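Take a look at the structure set out below.
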Amino acid sequence: MSENDKLKKRAAEILKRLEKEYPAAKCHLEFRNPFELLVSTILSAQCTDARVNMIMTPLYENKYKSPDDILADGLENFRENIKSCNFFNNKAKSVLAICNILKKDYNGKVPDSLEELTKLPGIGRKSANVILGNCFGKKDVIIVDTHFKRVTGRLGLTDNDEPEKIEADLKKLIPPAKQYVFSHVIGDHGRYVCGARKPKCGVCVLNDVCPSDSLKK
DNA sequence: CTCCCGATAT
DNA sequence: ATATCAGGAG
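Under my numbering, the first residue of the first sequence is numbered 3, with each subsequent residue one higher.
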């Protein structure tokens, strides 16, 4: 068996166990349509989903129902509303710029291709893949966020540090139809067990297939 | 590579 | 006190 086949087999075993562990794994951001997820995804950078939801869910219901609503409210007001998220200045500018682009080029709708999404200011590959997977039903998306990078690295599924290379590495290991699910169960595992500071190796269902012995003590 | 630049857990 | 939170742009 080749080295890549061994890795593939281990990735399949990891996916199997995590699917059992997190049967309801999904996006933790609250949204009712692609526009809401687009905005919340920008705000979620270096900030917890719980905080984004706390701020934005009431605003979507009462105030920001469309790009026009955010544009009408203006940059200053929007920035004040999202102040408790991180990087509020850049995020507010990105959101307002995107609202203008959606209005001008997309008839107010969110585009559904990686190329178009990543052209939008504040939307990189991670955010684009979140939208494609959660709003447009795309299954062959590997979503590389900070959790994904940490957990797949510890599991020895990639040697790379660069998000785009990690994405490519895992696309070779996980079948296309399973990539969306894999992204979410890895995310949940990173959040609940394989945390950045004190990974709970004692209760980890992947303990025996994880090569990161230094973490286990 | 740096900057962005708030809230929370440890 | 500090590392980290579902990153992206210049």
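For each residue, glycine too, the CB sits at the ideal point set by N, CA and C.
For clarity, every value in this text was computed on a predicted model and none was experimentally measured.
Apart from the five residues just before and just after residue i, which ones in its own chain have a Cβ nearer than 6 Å to its Cβ?
{"i": "L217", "result": "P201 and C203"}
{"i": "A27", "result": "H186, V187 and D190"}
{"i": "A14", "result": "none"}
Identify whether residue i lies in helix, strand or coil by the three-state DSSP scheme.
{"i": "M3", "result": "coil"}
{"i": "H191", "result": "helix"}
{"i": "Q181", "result": "helix"}
{"i": "L17", "result": "helix"}
{"i": "R12", "result": "helix"}
{"i": "D215", "result": "helix"}
{"i": "A198", "result": "coil"}
{"i": "L122", "result": "coil"}
{"i": "P25", "result": "coil"}
{"i": "V207", "result": "coil"}
{"i": "L134", "result": "helix"}
{"i": "N186", "result": "Here residue 186 turns out to be His, not Asn, going by the sequence shown. In the structure shown, H186 sits in a helix (DSSP, three-state: H, G or I)."}
{"i": "R34", "result": "coil"}
Looking only at its own chain, which residues have a Cβ that is under 7 Å from the Cβ of residue i, when we skip the five neighbours before and after it?
{"i": "I84", "result": "L45, I57, F90, K93 and A94"}
{"i": "N162", "result": "I168 and D171"}
{"i": "N136", "result": "C29 and L39"}
{"i": "N55", "result": "L31 and E32"}
{"i": "A198", "result": "R152"}
{"i": "Q48", "result": "N88 and F89"}
{"i": "P123", "result": "S96, A99 and I100"}
Find the nearest neighbour of residue i within the set the options, judged by alpha-carbon distance.
{"i": "D70", "options": "D107, C101, P60 and K151", "result": "C101"}
{"i": "G110", "options": "R19, V205, D210 and E38", "result": "E38"}
{"i": "L31", "options": "R53, K128 and A179", "result": "R53"}
{"i": "K22", "options": "C212, C206, P213 and S214", "result": "C206"}
{"i": "E78", "options": "N64, S96, S68 and E63", "result": "S96"}
{"i": "V146", "options": "D107, Q181, A198 and E63", "result": "Q181"}
{"i": "E5", "options": "K106, D114 and G158", "result": "G158"}
{"i": "L73", "options": "T50, L104 and T59", "result": "L104"}
Grab the span of the alpha helix (DSSP H) containing residue i for me, first residue to last.
{"i": "R156", "result": "T148 to R156"}
{"i": "P113", "result": "Premise fails: P113 is in no alpha helix (DSSP H) and is neither H nor E."}
{"i": "K140", "result": "Careful: K140 lies outside any alpha helix (DSSP H) and carries neither H nor E."}
{"i": "D171", "result": "P165 to L175"}
- Message: Give the list of continuous alpha helix (DSSP H) stretches no shorter than 4 residues that lie fully inside the stretch 36 to 106.
- Response: The qualifying runs are 36 to 45, 51 to 64, 69 to 75 and 77 to 83.
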